[in-house]
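In the numbering used here, the protein residues as written are 42 to 1139.
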């Protein structure tokens, strides 16, 4: 007997015991005295609750709601995290009914709006709950949505906290996409939720009428745009007042103009066009165009879809005709040329809406209403042809049913002759040429829906006109293009006639025939047209073309092979395309037949032609042939056919190397070791040549060879490669220096720079220098990469790698995956005043709790409503001052209202400008002139604490007891002294003084580097100051020796300026001038000694 399959277990078997254990910990005595145990239990439930069964989840949820009434904010926050993990896990153990009850119960635990952290956490939990409901029960979800949306729009959007406004907007965005959009899949689904969704939309719309352009204006407009996009198709009447409001409040100079335009654009794309133009009409009450509403025209052109031709005929065409008449009247007057230009632009913009009306129209049957007008515009208005042609192409591409194709196709007799006339008219400028190309594309599209009798009639007429024109003329070429397009829809017999009359004789250059041009230039153009016609026939899937190709394929193959020697330059691309199509029609062709053996050399020969490279014809053709050789294990024979090009000229050799590179890239796994070695040896032969073109191709091949093949295989020929690179000609090496550098870098990365350097000949000094530089660059890059990886590992990992939301939703945050991110990102500081500097340096060690109460209204903590009065933000009284009591009992510090600045009797702040003394020798502390020495600048705040311990023994007892800023300042200055060499007398360190090199200089006196203390050292330095003036000679220049004193030397005093990077050159110049003066004096002294010695000899 077959055992019945048991349902998979969806909950943990130990979940019941864990649930009862955790619930037992939620006792009142633990809540009051042992909150750590409760927090640990909540941490366990945070991860384990989704794995419980339904009854245990219900039990734990009830107890969590009971302990959330406590005044401890930390417990409430962890409960929010637990519920968030339960909803976001999408567990099946939580029933939709229980989730709905939990959501309803959580509304009673809504915190006060001023407590931004708790508010955002509560909102995030409710949002996740609704997303959970949308997955399992859309009916329950839609019924619960209006209450949450109303709170977000009417309460949170009016909050003064920007983080609350942003959180509400993100919640609404997720709700619209995850909850509302599934309800708007089709008409049947919409009817189930219509009442609830209308309430949701009305809550969003009502904000526009109250205060739409406050600090939350951007958020409101973005959410409204999302609502238009999702629900506009089925709730157009509900959203119409909002769209009308946007239209009346549009201002081209407003800061939120772009957001309004985006919202209107979404409404145009989803709502009915008639309703949109009724909300924001383009005309005034008299039926004339309203110039203030013309900002709608570009939006309509971009967003229109599923519109109606009846609306275009009734509204747009009338306005366009008004502008056209006004344009014609005003352009005759010299005074009204500017107004005429305005109406001209409006007329063009209104006609520019036609492609939008052709984008999936809902009433193709009404195309007859505008067909005559379109034909008239094509004939009489060259400036308006472009939008009409674009609209026709757009319309034909969106026709879905045969009835729609037949409805538009029956007007082919009216449109095709006009399109033919436009295309066969010689253009006079670039704009007319673009219109011609658009007309040809419209012809191609319209022929696909034209009835067969009309096609046969037009083909006969066009062919007759073609026979009457002389080959080589502009009109002949244009008619040939039209015949080419019409021929694709003809029968096999007519195609055979075209083939014999216009393809065979032209490709064979039988000039005796009437249809063949007499001059080579015209024959070349004719051959190109004939090959394009043959290419279109071979590629077409129409019944007549398929039958013709099956019957004439062998003849076409012989024709293409036999006319190779008769071809011209410039026709290689269509010729190779024809050969490729012929090969595709013969999947079982022999590899040694003429078609293959002659196609490969032709593809290699024309590999460099721009037209061939643009269409990628040669690459595709050679790849097709290479796959056929590879399938039969004859890839070496394919290489032999390609490598025959090495016997040609420089261009053919370069093409052959490029083709070999493509073979190496495409068939690496199929090539044998001998084939790879043979290809490398052949290419390296041309690498040491003198032709730049060949060397470039060889280097590209070599770079791919080194990069793609395995290291052991390349290492066998490493010495050969390096030797060839060293033997390159100086001219080609200099010309291809970038490619050579890439090759060397790749070799060094794969094999190491040391090994490559050993293989380079010793006489190639340039390469050795280059490799050494590459080795240094690689080492530097490796160090930087290691440092960057080390820095990333030490960091918090909060990189700005978040994907940006598209379009105008970019400023809304992404949906948070965990509630911890929200609790960390939200700001808990109050908005009143500037933060105290001392507080900003310290991180909050614990979450402070405040009770929002006044002396008149005391909060009863036993009441359930007290939850909203307990906040994590310091409450603000109505007068702007901070009020409320701290539940944590921390003392409240008084803030200095003047923030440390002095005030004048009239209330003005006295702020002294502090100059930058970093580049001067003046003592900044003395220059500031503070009465209180505690205001002195702290030179080094980092080492102050470290030096304070070592300096403590030398200071007086009053310094030990003093813990104010003055004490910290002295410690910081002592720390600076320890590094720079200036110390106090009490520390026993070196003090400048005495004679010679030990004497204190004037600069050191001014900077305070030689002082024992702030006052005493100044006196000592001034008394011992010696600048060397006593050595100066009064009768001559320079210094002189004095009895009983040291020899005179020039000393450069130490100064902080020596450490200034900006004055590095200036400081270095001092030493240069001293050395230069010394050399000059020494030279002068030597000269005098020589003269003195010579005089003595005499």
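Every residue, glycine too, gets a C-beta built ideally from N, C-alpha and C.
Backbone secondary structure at residue i - three-state DSSP
i: residue 535; result: helix
i: residue 401; result: coil
i: residue 943; result: strand
i: residue 1073; result: strand
i: residue 1080; result: strand
i: residue 899; result: coil
i: residue 324; result: strand
i: residue 714; result: helix
i: residue 301; result: helix
i: residue 729; result: coil
i: residue 411; result: helix
i: residue 490; result: coil
i: residue 612; result: coil
i: residue 952; result: coil
Inter-residue CB distance, residue i and residue j (contact presumed, cutoff 8 angstroms)
i: residue 85; j: residue 120; result: The Cβ separation is near 13 angstroms, so there is no contact.
i: residue 419; j: residue 338; result: In fact, because the Cβ distance is near 22 angstroms, the residues do not count as touching under 8 angstroms.
i: residue 187; j: residue 241; result: 6 angstroms
i: residue 490; j: residue 440; result: 7 angstroms
i: residue 780; j: residue 747; result: 12 angstroms between Cβ atoms; not a contact.
i: residue 416; j: residue 455; result: 5 angstroms
i: residue 438; j: residue 403; result: Actually they do not touch by this definition, with Cβ atoms about 16 angstroms apart.
i: residue 396; j: residue 435; result: 5 angstroms
i: residue 260; j: residue 190; result: About 14 angstroms separates the two Cβ atoms, so there is no contact after all.
Spatial distance of residue i from residue j (CA atoms)
i: residue 326; j: residue 319; result: 12 angstroms
i: residue 238; j: residue 139; result: 22 angstroms
i: residue 1087; j: residue 1071; result: 11 angstroms
i: residue 345; j: residue 353; result: 11 angstroms
i: residue 1125; j: residue 1074; result: 17 angstroms
i: residue 730; j: residue 770; result: 7 angstroms
i: residue 990; j: residue 1095; result: With a pLDDT of 41 at residue 990, under the threshold of 50, the predicted position of this residue should be treated as unreliable, and no value is reported.
i: residue 315; j: residue 164; result: 39 angstroms
i: residue 92; j: residue 133; result: 9 angstroms
i: residue 623; j: residue 484; result: 27 angstroms
i: residue 830; j: residue 818; result: 18 angstroms
i: residue 473; j: residue 407; result: 30 angstroms
i: residue 33; j: residue 807; result: There is simply no residue 33 to check, as the chain begins at 42 and stops at 1139 in what is shown.
i: residue 95; j: residue 157; result: 33 angstroms
i: residue 89; j: residue 51; result: 13 angstroms
i: residue 790; j: residue 823; result: 11 angstroms
i: residue 662; j: residue 727; result: 26 angstroms
i: residue 651; j: residue 742; result: 20 angstroms
i: residue 805; j: residue 766; result: 10 angstroms
Option nearest residue i by Cα separation, candidates the options
i: residue 639; options: 653, 652, 598 and 655; result: 598
i: residue 342; options: 653, 637 and 399; result: 399
i: residue 541; options: 571, 468, 278 and 258; result: 571
i: residue 694; options: 289, 648 and 656; result: 648
i: residue 130; options: 797, 1105, 169 and 733; result: 169
i: residue 300; options: 267, 445, 726 and 627; result: 267
i: residue 522; options: 575, 558 and 559; result: 575
i: residue 149; options: 107, 617 and 556; result: 107
i: residue 358; options: 332, 324 and 371; result: 324
i: residue 387; options: 361, 373 and 245; result: 361
i: residue 308; options: 271, 332, 297 and 176; result: 271
Outcome for residue i when other beta-carbon atoms lying within 10 angstroms are tallied against a minimum of 16
i: residue 422; result: exposed
i: residue 706; result: exposed
i: residue 236; result: exposed
i: residue 760; result: exposed
i: residue 690; result: exposed
i: residue 674; result: exposed
i: residue 56; result: buried
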